[in-house]
Every structure is written in structure tokens, then in C-alpha cells.
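Residue numbers (UniProt numbering): 1 to 407.
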């Protein structure tokens, strides 16, 4: 079937197709490829599954020379895999056909060097769909895992977590424990399968204790967030929502925007008041200004204004919000706009604020106030804050001069 269908994305994912600065172009092509596969999936899930494997087998060879240091490429790849994994699982293949396509996918996983397919490896048992196929994969991989973990020195086998995933999917819990006992050190990406096995057997308390002990064994702390997520999800599944929230709900990831973090917590805890969650988040962190966008988008404008006044708020974010809310909520827009101007004059930034930038900010907020016939309110707030704040002299002088000129 795959030979009869001409996938448009193939021509954009040839080996070494993208150079050092190819992130933007590659990200665009990945979005297009996902759209193409999703469109096919609406009519033919099996063909869409084939397209998913075809794309996966081309990703690393095509992208391997791109500079990935900014993280933008990684984000694009993660979004691509998040979109394609459900299509792969739902592909309507019989067991033999699925087995053949997974062989090709396995080769792609073994050959890539970035961790693009980490989620696929974690969910390999689920991707097998058929318990019989998962058993075959487990039996094939176990000898390699044993050899790797019993060898002297440090060795890595990309199929280790795939094997454990298949054992978990087929409820071969004892074998998970036996394999893990071969390792000299604990490692949460592998040991999590034992915690999951305990939970699936109805031993939730043992699973929680096991996971918490993993944090004690991991001196680097690199797995703490993942362990916390596991414990949190388990407690929520046990209807111990309040305990989950108090223990793990306000433990934030090291990456991601504060706005997305807040939204994620709200999704996990729909029964907890959103304003309480926001206030708890702000209390947990020393930089309340970082929560401005979350408060603004949630409609808690009083909290957003308090966040805006924090020394950690970004003046350019405040000025954008002022512009966007000029018609929707002028009072909020005016206060936030003036606060943005003051932050530019009082803050210490990596890129020094210029007189041109402060005048541009002044003109933006002044023009907005003028349109609403609230120029006096703008002048009052700005003069009051200039007098009460320690401002950079050259920027303060520029604003004072503009205020005199505009009288």
C-alpha cells in the first residue's frame, strides 16, 4: 500500500537535507508532514500508520546537521511525535503487518542519536497493540538487555526501555523485577516500570513508596520531576486529589513558560479554584512578575497588576498587554502601560534600555490614553510613579521633558 501512495513529505526529508541553520525550514516541513498524515488518517488509518513510520525513519538522517542548541528544533520534534504517536497506535494493521512496520521503526530508533523517539521507546508495548506481538518483542530483547546490564563498565542499549514496556504491557511483572535486579544502580527511566507494575497490580502504596525511594537514590536530582509526576498522577487516580496538590501540584518543571505551567496545573485540578492555584503559584516563587501573563490571560486583572509591579516583570510584555487591552479593559491597560514605562526606567536589563525605547513606550501609552480622553489620568499615574521610584537619570529626564512638551 505504501508503494502505491506517494507521500509529499518524502522529498523534504532526504538524508542531510538541512544545514546548520535549518531549524525554521525543517520545523515548517514537519508541520506540513503531520498535516498530510492526519488528513490521510481520516480515511485510512493503516496508510497513515505507514506514513508515520516513513517519516520517523527519515527524521534523524535529514535533520542531523542542524544546530539544535536553541531548543527550537527539539520542541518541533516533540510536537511532531506527540501528534504522530496516537496515529501509530490506532493504525488498523493485523499483527503480522504491525510487526513488519515496527521492525522498520525499531531500526530508525536504533540509528538516531538525539532521543527523538524516547516516548516511542517508553510506550513500545502499547504501540505493539497485540499482547502476542509485545511478547515476541520482549522475548527478542531480553537477552540483549541482560547482556548489557550484566557487562562490566557502562553500556547502553536503546531497546532496554522498549523491553520493559513490553513486559509491563503483557503483565510479566516478575520479569521486570528480575531484569532490574541485574543493574548495579537504580535509574528512574528504567525503574519506573517496576513502580508502574506495582500500581497495575493494585499495590499503589508500595508504588508510591518505591518511587519516593528512587529520589533518595538519585543524587543528581535529574529524575525528581518525573518521579513527582508519577506520584501525583497515582494519587489523583486514587482520588486523593488534595494530597496530590499539596505534595506535588506546585512542583514546577525547569522548562516551559509560567503561563503554560499554570494552565497545566488547572487542567490537572479542575475542582480547585483557579484563583487559589494562581496565588499558590505566585507564593511558591520569588519572582511574582513572571506570573503576569498567566494572571492576565486568566482574567485576574488585580493579581496581574500586582505581578506587573514586581521587579521581575518584563516591561515589553507589559507594554504589549497594554496595547492589546486598550479596548477590552482600558483601566487595566493604562495601569499596566505606565508600569511598563516605570519598569524600563528602574530595571536592570542585559540589553540597556535606550532613550528611543523609553520615548516609544511613552508615546504608545500616551496615544492610547488620548484616544480614550484619559490623558490626565495617564499623566497623573506617570508623574506619581516617577516621583516615588528611583529611576535611571537619562531616561527620567527624557520622560520629564516629554511631559513638559506635551502640556
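Every residue, glycine too, gets a C-beta built ideally from N, C-alpha and C.
Remember, it's a predicted structure, so these values are computed and weren't measured experimentally.
In whole angstroms, what separates the C-alpha of residue 329 from that of residue 385? For the purposes of this step, residue 329 is taken as residue 329 along the chain shown, with counting starting at 1. For the purposes of this step, residue 385 is taken as residue 385 along the chain shown, with counting starting at 1. Looking at the two C-alpha atoms, the distance is approximately 21 Å.
Would the beta-carbon of residue 32 fall within 8 Å of that of residue 7? On the chain shown, position 32 is the one that residue 32 refers to. On the chain shown, position 7 is the one that residue 7 refers to. Their beta carbons are not under 8 Å apart, which means residue 32 does not touch residue 7 by this criterion.
Taking the alpha-carbon positions, what's the residue 144 to residue 157 distance? Taking the first residue of the chain shown as 1, we reach residue 144 at position 144. Taking the first residue of the chain shown as 1, we reach residue 157 at position 157. Looking at the two C-alpha atoms, the distance is approximately 8 Å.
Could you name each continuous beta strand (DSSP E) segment of 3 residues or more that falls completely within the stretch 81-140, going from the start of the chain to the end? none
Can you give me the C-alpha to C-alpha distance between residue 198 and residue 265, rounded to a whole angstrom? Working through the chain shown from its first residue, we reach residue 198 at position 198. Working through the chain shown from its first residue, we reach residue 265 at position 265. So the alpha carbons of these two residues sit roughly 26 Å apart.
Are the stretch 392-407 and the stretch 343-351 touching, with three or more C-beta to C-beta distances below 8 Å? yes
Taking the runs of the alpha helix (DSSP H) that are 4 residues or longer, which of them lie wholly in the stretch 207-277? 224-237, 241-244, 258-268
For a quick check, are the C-beta atoms of residue 313 and residue 365 less than 8 Å apart? Position 313 of the chain shown holds residue 313. Position 365 of the chain shown holds residue 365. No, Cβ-Cβ distance for residue 313 and residue 365 is not below 8 Å.
Could you check if residue 332 is buried or exposed, using at least 16 other CB atoms within 10 Å of its CB as the buried criterion? To locate residue 332, count along the chain shown from 1; it is residue 332. With 16 or more other Cβ atoms within 10 Å, it is buried.
Which residues in the same chain as residue 392 place their Cβ atom closer than 6 Å to its Cβ, once the five residues preceding and following it in sequence are excluded? As a working note, residue 392 is residue 392 in the chain shown. Taken in chain order, the residues that qualify are 345.
Alpha carbons only, please: which of 96, 389, 336 is nearest the one belonging to residue 368? The count along the chain shown starts at 1 and reaches residue 368 at position 368. It is 336 whose Cα lies nearest to the Cα of residue 368.
So the alpha helix (DSSP H) residue 188 belongs to, where does it begin and stop? To locate residue 188, count along the chain shown from 1; it is residue 188. That run of the alpha helix (DSSP H) goes 188-200.
Helix, strand or coil at residue 154 according to DSSP, with G and I counted as helix: Looking up residue 154 in the chain shown gives position 154. Note: residue 154 maps to coil in three-state DSSP.
Residue 184 classed as buried or exposed, judged by whether at least 16 other C-beta atoms fall within 10 angstroms: Numbered from 1 along the chain shown, position 184 holds the residue referred to as residue 184. Exposed: under 16 other Cβ atoms inside 10 Å.
Let me check understanding here. Comparing Cα to Cα, which of 26, 302, 127 lies closest to residue 166? For the purposes of this step, residue 166 is identified with residue 166 of the chain shown, where counting begins at 1. Considering only alpha carbons, the answer is 127.
What does the alpha-carbon distance come out to for the pair residue 16 and residue 22? As a first step, residue 16 is located in the chain shown; it is residue number 16 there, counting from the start. As a first step, residue 22 is located in the chain shown; it is residue number 22 there, counting from the start. Each residue's Cα considered, the two are about 11 Å apart.
Examine the Cβ distances between the stretch 256-264 and the stretch 273-286 and report whether three or more of them are shorter than 8 Å. yes
Give the straight-line distance between the Cα atoms of residue 114 and residue 103, rounded to the nearest whole angstrom. Reading the chain shown from its first residue, position 114 is the one you call residue 114. Reading the chain shown from its first residue, position 103 is the one you call residue 103. The straight-line gap from Cα to Cα measures roughly 20 Å.
Give the C-beta separation of residue 53 and residue 89 to the nearest angstrom, bearing in mind that I take them to be a contact with Cβ-Cβ under 8 Å. As a first step, residue 53 is located in the chain shown; it is residue number 53 there, counting from the start. As a first step, residue 89 is located in the chain shown; it is residue number 89 there, counting from the start. About 12 Å; that fails the 8 Å criterion.
Measuring CA to CA, which of 177, 202, 182 is closest to residue 192? By one-based count along the chain shown, residue 192 stands at place 192. The residue with the shortest Cα to Cα distance from residue 192 is 177.
Under the rule that 16 or more other beta-carbon atoms within 10 Å means buried, what is residue 170, buried or exposed? Taking the first residue of the chain shown as position 1, residue 170 is located at position 170. By the 10 Å Cβ count, residue 170 comes out buried.
Roughly how many whole angstroms lie between the Cα atoms of residue 150 and residue 121? To locate residue 150, count along the chain shown from 1; it is residue 150. To locate residue 121, count along the chain shown from 1; it is residue 121. One C-alpha to the other measures close to 21 Å.
Look at the alpha carbon of residue 237 and the alpha carbon of residue 141, and state the distance between them as a whole number of angstroms. For the purposes of this step, residue 237 is taken as the residue at position 237 of the chain shown. For the purposes of this step, residue 141 is taken as the residue at position 141 of the chain shown. So the two alpha carbons sit approximately 31 Å from each other.
For a test of the three-state rule: what should DSSP assign to residue 58, helix, strand or coil? Reading the chain shown from its first residue, position 58 is the one you call residue 58. Here residue 58 sits in helix by DSSP.
Cβ distance (whole Å) where residue 230 is taken to contact residue 211 below 8 Å: To locate residue 230, count along the chain shown from 1; it is residue 230. To locate residue 211, count along the chain shown from 1; it is residue 211. Between residue 211 and residue 230 the Cβ distance is about 5 Å, and since that is below 8 Å, they are a contact.
From 318, 315, 285, pick the residue whose C-alpha is nearest to that of residue 254; which is it? Counted from its first residue, the chain shown places residue 254 at position 254. Checked all of 318, 315, 285; the closest Cα to residue 254 is 285.
Could you name the residues of the same chain whose beta carbon sits closer than 6 Å to that of residue 13, not counting the 5 residues immediately before and after it, in chain order? The sequence position of residue 13 within the chain shown is 13, counting from 1. Same-chain partners within the cutoff: 58, 62.
Mapping the DSSP letters down to three states, classify residue 183 as helix, strand or coil. As a working note, residue 183 is residue 183 in the chain shown. Three-state result, residue 183: coil.
Inter-residue spacing [alpha-carbon to alpha-carbon] between residue 319 and residue 357: As a working mapping, residue 319 is identified with position 319 in the chain shown. As a working mapping, residue 357 is identified with position 357 in the chain shown. The straight-line gap from Cα to Cα measures roughly 11 Å.
Option nearest residue 85 by Cα separation, candidates 43, 38, 9: Residue 85 sits at position 85 when you count from the first residue of the chain shown. Checking every option, the nearest Cα to that of residue 85 belongs to 38.
Three-state secondary structure (DSSP) at residue 306? Counting from one through the chain shown, the residue named residue 306 turns up at place 306. Reduced to three states, the DSSP call for residue 306 is helix.
Pick out whichever of 262, 40, 18, 111 has its Cα sitting closest to the Cα of residue 56. Sequence index remark: in the chain shown, residue 56 carries index 56 (1-based). The option with the nearest alpha carbon to residue 56 is 111.
How many angstroms separate the CA atom of residue 298 from the CA atom of residue 304? Position 298 of the chain shown, counted from the first residue, corresponds to residue 298. Position 304 of the chain shown, counted from the first residue, corresponds to residue 304. Taking the straight line from one Cα to the other gives about 9 Å.
Is residue 77 closer than 8 Å to residue 109 when the C-beta atoms are compared? Numbered from its first residue, the chain shown carries residue 109 at position 109. Numbered from its first residue, the chain shown carries residue 77 at position 77. Cβ atoms of residue 109 and residue 77: not closer than 8 Å.
Look at the Cβ atom of residue 217, then the Cβ atom of residue 186, and state whether they are nearer than 8 Å. Stepping through the chain shown from its first residue, residue 217 is reached at position 217. Stepping through the chain shown from its first residue, residue 186 is reached at position 186. The answer is yes: Cβ separation under 8 Å.
Rounded separation between residue 408 and residue 25 - CA only: In the structure as shown, the chain begins at 1 and stops at 407. Residue 408 is therefore absent and cannot be evaluated.
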